[in-house]
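J.:
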DNA sequence: CTGTAAATGTTATAATGTTACAAATTTTGC
DNA sequence: GCAAAATTTGTAACATTATAACATTTACAG
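Protein chains in written order, with the numbering used here: chain A, 228 to 390; chain B, 228 to 390.
#1: Residue 380/B versus chain A: which residues are under 7 Å apart at the beta carbon?
#2: Taking the alpha-carbon positions, what's the residue 350/A to residue 271/A distance?
#3: Keeping to the same chain, check which residues put their C-beta closer than 7 Å to that of residue 311/B; ignore five residues upstream and five downstream.
#4: Note down the Cα distance separating residue 321/A from residue 365/B, rounded to an integer number of angstroms.
#5: Put residue 359/A into one of helix, strand or coil per three-state DSSP.
#6: Skipping 5 residues on each side, what residues in its chain have a beta carbon closer than 8 Å to that of residue 376/B?
#7: From residue 276/B to residue 306/A, what distance separates their C-alpha atoms?
#8: Of the choices 369/B, 304/B, 309/B and 314/B, whose alpha-carbon is the least far from that of residue 356/B?
#9: Please report how far the alpha carbon of residue 382/A lies from the alpha carbon of residue 235/A, in whole angstroms.
#10: Can you look up residue 252/B in the DSSP assignment and give me helix, strand or coil?
#11: Just to confirm before moving on: does the CB-CB distance between residue 378/B and residue 362/A stay below 8 Å?
#12: Bridge partners for residue 271/A per DSSP, in chain order?
#13: Specify, as a first and last residue, the run of the alpha helix (DSSP H) that residue 308/A falls within.
#14: What would DSSP say about residue 231/A, mapped onto helix, strand or coil?
#15: Would you report the Cα separation of residue 348/A and residue 278/A, rounded to the nearest angstrom?
#16: Applying a beta-carbon distance threshold of less than 8 Å, which residues of chain A neighbour residue 353/B?
#17: Taking DSSP's pairing of strands, which residues face residue 322/A in a bridge?
#18: So what does DSSP say about residue 368/A, is it helix, strand or coil?
#19: Could you give the first and the last residue of the continuous beta strand (DSSP E) run that contains residue 335/B?
#20: Hey, would you say residue 267/A sits closer than 8 Å to residue 248/A, going by beta carbons?
#21: I'd like to know whether the C-beta atoms of residue 380/A and residue 343/A end up nearer to each other than 8 Å.
#22: Quick check on the burial criterion: 16 or more other C-beta atoms within 10 angstroms. Buried or exposed for residue 315/B?
#23: Thinking C-beta only, is residue 371/A closer than 8 Å to residue 185/A?
#24: Does the Cβ-Cβ distance between residue 319/A and residue 318/B come in under 8 Å?
#25: Which chain A residues are close to residue 377/B, counting only those with a beta carbon under 7 Å from its beta carbon?
#26: Determine whether the beta carbon atoms of residue 313/A and residue 232/A lie at a separation below 8 Å.
#27: Name the one or two DSSP bridge partners that residue 346/A has.
Structure below.
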């Protein structure tokens, strides 16, 4: 590998957030979908770091905003964002993360660091190819793939025991 | 593909169950682990079909047995069975399924039919290879992989719309 | 036996997610 | 513009999944 991926090196995270919001506005406009204030705010909260956020964490942040929210508010916003490819749900964590390939047609693969919690989303065409091949060898028609890899990111490997 | 995999064709399911139990006993003996009556019963319940079973479904069955069980009983048994590679948890369904490769060192890949609910566990070395490659290109040390494919199994494709 | 560790029982509670219906807002057809 | 329709949001209650904490029982080693 050459340079480390974004979550694994210092970066101006505000740029991540504003890029995500800008992309989201464009995507919603193109799809004639309404990125309402609540939905945009939830997206912004999800993007506050590269660690996935639980629905109830989002709810808590909304409450801190002074917004009088209940679970359905958050789940509805998250559903909307998922449907438009703006966030992903990480099944193994029951949590949500901003999509870094919004707009592209992709099958996400997530590298989840068990130490720092950061998640990197990859597009791995070779993996998708092999998955489809394996599925079709069984006569199975694959529709949606959940692919989540837990382990140690480069930074946390360096910190914990130099092996 | 030649013949359909077990879950997708008629078969003597009792044989699946007794094979699983026999294997489990052998594996536990080898590992000096205690396959107590509760644990064995939970394994048997998990194996009652090729559809994943929720923890509370197991709990319900135990109660029907006349066994006075509470959630921790089930979760503890399931933890034990997972740790010894006898069942898998399907993260996208919050449910558990018997392992068809018990004893082998493997990364499970699950084909989950959204119509009939049956799950086929595959060992897909080529997929694992590509996953490891993609992870290490990012400097990530992969430890555990969650790979779940939802879609339509051969039988359900045949039934719903012939395309 | 007896002391220790492992397993199980029991109660309560935490965390995650959904249903159902009411109210408000936005869009659409006229 | 304006009323009807559709979408979005508010609200309360509830369903599902999972864990914590501590008591009791059972298995095993000396």
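Beta carbons: idealized from backbone N, C-alpha and C, even for Gly.
Source: prediction; values computed, not measured.
T.: According to the structure shown:
#1: Ordered by position in chain A, the residues that pass the 7 Å Cβ test against residue 380/B are 367.
#2: Rounded to the nearest angstrom, the two C-alpha atoms are 23 Å apart.
#3: If we look at residue 311/B and ignore the five residues flanking it on each side, its Cβ neighbours are 254, 255, 258 and 260.
#4: Near 24 Å, if we compare the C-alpha coordinates of residue 365/B and residue 321/A.
#5: Reduced to three states, the DSSP call for residue 359/A is helix.
#6: Cβ-Cβ distances below 8 Å link residue 376/B to 336, 337, 338 and 339 in the same chain, with the five nearest sequence neighbours on each side left out; the list follows chain order.
#7: In a straight line, the C-alpha of residue 276/B is about 32 Å away from that of residue 306/A.
#8: Nearest of 369/B, 304/B, 309/B and 314/B to residue 356/B, Cα basis: 369/B.
#9: Rounded to whole angstroms, residue 382/A to residue 235/A spans 6 Å at the Cα level.
#10: Helix.
#11: Yes, they are a contact pair.
#12: Residue 271/A pairs with nothing; no bridge assigned.
#13: First-last of the alpha helix (DSSP H) with residue 308/A: 298-310.
#14: Reduced to three states, the DSSP call for residue 231/A is coil.
#15: It is roughly 11 Å from the alpha-carbon of residue 348/A to the alpha-carbon of residue 278/A.
#16: For residue 353/B, the chain A residues whose Cβ falls inside 8 Å of its Cβ are 357, 360 and 361, in order along the chain.
#17: 317/A.
#18: Reduced to three states, the DSSP call for residue 368/A is strand.
#19: Unbroken beta strand (DSSP E) run through residue 335/B: 335-340.
#20: A contact, by the Cβ cut-off of 8 Å.
#21: In contact: residue 380/A and residue 343/A (Cβ atoms closer than 8 Å).
#22: By the 10 Å Cβ count, residue 315/B comes out buried.
#23: Only positions 228 to 390 of chain A appear in the structure, and residue 185/A is not among them; the question remains open.
#24: In contact: residue 319/A and residue 318/B (Cβ atoms closer than 8 Å).
#25: Under the 7 Å cutoff, chain A gives 370 and 371.
#26: Cβ distance not < 8 Å, so residue 313/A and residue 232/A don't count as in contact.
#27: Partner(s): 339/A.
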